[in-house]
Amino acid sequence: MGLFSRLLGRPGAQADKKFAWLEKERAHIEALSREYDSTTDAEFPAAASAAFERDSRREQLVHYAALVTVAAERTLGERPFTTQITGLIGLLEGQIVQMLTGEGKTLVGAMAAAGYALQGRRVHVVSVNDYLAERDESWMRPLFELLGVASAAITEALPDAERRTSYDNEVVYGSVQEIGFDVLRDRFVLEDSALRVGERDVVIVDEADSVLIDEARVPLVLAGSTTVEAADEQIAALVEGLDEGQDYEISPDRKAVSLTDAGADRVESLMDVDLFGADTATLAAINLALYAKALVTRDVDYLVVDGRIKLISDSRGRVAALQRWPDGLQAAVEAKEHLETSASGEIMDQMTVEELIHGYRTVCGMTGTAVAVGDDLREFYELEILVVEPHEPMIRQDLADRLYTYQESKERAIVEEVVEQHAGGRPVLVGTRSVAESESLAGRLRDRGIDAAVLNAKDDSHEAQVIAAAGRRGAVTVSTQMAGRGTDILLDEDDAVRSQGLLVIGAGRYTSSRLDDQLRGRAGRQGDPGESVFFTSLEDELLTRVPEAARFKEEGDETGFIANRRAAQLVEHAQRMAEGENTANHRDTWKFNELMAKQRQLVLARREGIRKSGAGQGELLESLKPETRGKIDGARRDHGEEVVEAALRDVLLFELDERWVEHLAYLNDLREGIHLRTLAHERPHEAFNKESIAAFAGFWPDVLETSSQVLDDATITAEGIDLAAHGLKRPSSTWTYIAADSAFGSDIETVVNRIRSKVK
Ligand code: ADP
Ligand code: MG
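Shown next, in the form of structure tokens:
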């Protein structure tokens, strides 16, 4: 059998031919790698760069493949399999590479990242979460170092200053939301030096189907608050100016913070108070403010949503490191965030994951399950798939589904199966569709004397440990879909375990066959034995969508088992329907987002022009009243051309950002209502486009008009223009979140689309 599989559909068919040359070069790569064996560590960076200076593209790839083979073996102790070299070439040629779970995609991604970097490109490797970003980058760092490529990982906890320098590395690992949030924050910079991410060049997406398809529509949001309470500002500003080590100290366990003697003196003289005498209340306030400043971090420990502090585990889909705060801290953090008087924050900018990815010049990625979304990848990203066969044949047995009448009978049957298999010490992994189902199953297992490890998407690093142990003798693990993704399940060396392998039980099919395959893929890695089986019930959400399913309720035996094969086919049918609906929703959402994305790009381009080359100033001057223009001419004579130009630029930037916030709010409102307004008449996205294009036509004229109003009132001094004095304040705080349930969520669309299809 050749290295490339026959393909299940059109996607990737071209990829096959495109890479056929590689087979002919295998021996050559092998021979070259023996030559590179004698390259010393010190010579490696130069040799690596030289590989990409060869004349033909094919020569470059062949030499790099040979060289990186040696580098991986020397630094990581893993000599890449031929399958991994195939994957590497696929990534370097901008494809989505399909390789099964456990085939070593981390190494493939790293070799490709280094390969791009050696060609002078800047690379982001997108992981599913912070834990994996950090793990993969530190795991692969010796390889990068030998090749002379600088790497870093970005996580939520990384402070802003380090974040900026981290992005200067050639290869940066990070989760899609962390990088996305930084792109949003970049949106409002006034100076180039403040940019975090800058240009988006190459992105290598791990678990590509999850990021590019499942999370594509998720909006990443940057919000801000402009309202500031004067009293809060005084304490906050004072504490803000204190320095760690000098003015205050943090205890080694990072649980307490206190003023030093020098710090206390400084506060006393700045505020003119006697902290340890008459003003102990002030001391308490200072201590709390210090705690809020030094030990509680925005977007790490809490979010600010609608002008209120929210612990991260709340409704926005992000997880809290810290579940509860000491008394009084909540108030101190509110003071730190100036939230007492601010009714609500505004959305300053937002962008979907899809838009983020579209901003890269080159997109590639890897996943175990790409073919099933081949059409979507082509439609939404113009990406092709290269299917790489496993390096050891896959021998896992995928058993036929077992269908039950009720959820209750299904859960009982699952428990019976686990009990039976567990008796011989076989490791069992049960994949559930929800936290509630996990807990119910774990409870039933406990009643039968089995203590299952339960995972439900809370803590990524803890999860990784548990899932890594899921292949041990006697292990029973109950997990929701995403939990532990990216972590390898190694089988115990125990003979009985090695001969049977891991049993994977799905407690119900997911709405996409890809997710089922991800779960099955937990067993049978790298040629291991293993089995997978799904239990479904007529009460599963998927089956309740198919009206015919109800007819089979009568056919269950005394355990609720339904033997009828036709009933089993319903599951496949329901899944195909759900997949079709999902693609339709994605297409629909993209139609809305596409226009917003375009308008956003236009605004950003204009902003760059204003910021860098003084664009818009001529138009602004022309739109001024004669007296205002006279005033500006006067300022030009008094303070010089540069001062006036900077002032005009500041006003334009401020007003442009303000208008964008307003326009976004308008679009969000429009979007929310559009389905209902157009129920029986126009197509929603056409109505949306028409109205939003009309609104956008006034965008720039509005910026000019409000800017000229500002100039009517303002005075330009030698220091420029004091916008804050005119009530024009940039947000005192910003925060980011993932809007899982915003107007941009698909729920309302799904519901309304269902109504529509019935109306027609
Ligand atoms: P994937 O992301 O494809 O599921 P991983 O990158 O997590 O797989 O790798 C799975 C396991 O295979 C890891 O334990 C890794 O160390 C091992 N591995 C990867 N490549 C090789 C190799 N060339 N030789 C030996 N072990 C390897
Ligand atoms: Mg992986």
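All residue numbers for the sequence shown refer to numbering that gives the first Met the number 0, where the first residue is 0 and numbers rise by one.
Backbone N, C-alpha and C define an ideal beta-carbon position, used for all residues, glycine too.
Given the structure is predicted, the values throughout are model-derived calculations rather than measurements.
What do you get for residue i, buried or exposed, if any count of 16 or more other CB atoms within 10 angstroms of its CB means buried?
i    : result
S536 : buried
L781 : Here the chain covers residues 0 to 759 and nothing more, so residue 781 does not appear.
A50  : buried
T137 : A small fix is needed here, since residue 137 is Ser in this sequence, not Thr. Its Cβ having fewer than 16 others within 10 Å, S137 is exposed.
G240 : exposed
T589 : This sequence places Trp at residue 589; Thr is not what is there. Looking at its Cβ environment, which holds 16 or more other Cβ atoms inside 10 Å, W589 is buried.
N168 : buried
S37  : exposed
A19  : exposed
D632 : exposed
T39  : exposed
Q97  : buried
L652 : buried
I311 : Confidence at I311 is low in this model, with a pLDDT of 45, below 50, so the placement of that residue should be treated as unreliable; the coordinate-derived value is given next. It is buried - the Cβ of I311 has at least 16 other Cβ atoms within 10 Å.
H684 : buried
V318 : Residue placement at V318 is poorly supported in this model, since its pLDDT is 36, which falls under 50; the coordinates still yield a value, given next. Exposed, by the Cβ-count rule.
L398 : exposed
A371 : buried
G579 : exposed
N592 : buried
E333 : buried
L189 : exposed
T714 : exposed
Q349 : buried
A495 : exposed
I720 : buried
N128 : buried
When the distance is taken between beta carbons, is residue j closer than 7 Å to residue i?
i    : j    : result
D208 : R628 : no
L502 : Q420 : yes
Y35  : L75  : no
E618 : L703 : yes
A548 : L569 : yes
A452 : T476 : yes
V352 : E214 : yes
D181 : R199 : no
L655 : R606 : yes
H27  : V61  : yes
R658 : D701 : yes
T100 : G367 : yes
V387 : T105 : no
Q574 : R508 : yes
Q94  : L376 : no
A47  : L142 : no
L274 : L282 : yes
R447 : V429 : no
What does residue i pair with, by DSSP beta-bridge criteria?
i    : result
H123 : V171, V202
L652 : Beta-bridge pairing links L652 to no other residue.
P218 : T351
S433 : Note: S433 sits in no beta bridge, so no partner.
M365 : V96, D205
L663 : For L663, which the question treats as bridged, DSSP gives no partner whatsoever.
I720 : I715
E243 : Y247
A132 : Beta-bridge pairing links A132 to no other residue.
I561 : L402
A452 : T476
V386 : Q97
S257 : E248
L428 : T476, V503
Q | Sequence ranges, alpha helix (DSSP H) only - wholly within the region 134–170, length at least 4 | A | Complete alpha helix (DSSP H) runs here, min 4: 159–165.
### Message
Tell me which residues pass a beta-carbon proximity test against the ligand ADP: closer than 6 Å to any heavy atom, given in chain order.
### Response
E77, R78, P79, F80, Q83, M98, T100, G101, E102, G103, K104, T105, L106, D487
request  = Mind listing, in chain order, the continuous beta strand (DSSP E) runs of no fewer than 3 residues lying wholly within the region 466–548?
outcome  = 475–479, 501–505, 529–536
#### Entry: Length-filtered (4 minimum) alpha helix (DSSP H) runs lying within the region 19–94
Counting only unbroken stretches of 4 or more residues, the alpha helix (DSSP H) elements lying wholly within the region 19–94 are 20–35, 43–50, 56–75, 81–91, in sequence order.
Item to complete: Could I get the ranges of all uninterrupted alpha helix (DSSP H) runs contained in the region 397–426, with 4 residues as the minimum, in chain order?
Response: 406–422
(message) Could you tell me which whole alpha helix (DSSP H) segments of length 4 or greater appear in the region 607–661?
(response) The region 607–661 contains these whole alpha helix (DSSP H) runs: 616–621, 625–638.
* To do: Can you check the region 682–712 for any alpha helix (DSSP H) of at least 4 residues that lies completely inside it and give the ranges in chain order?
  => Complete alpha helix (DSSP H) runs here, min 4: 683–696, 698–712.
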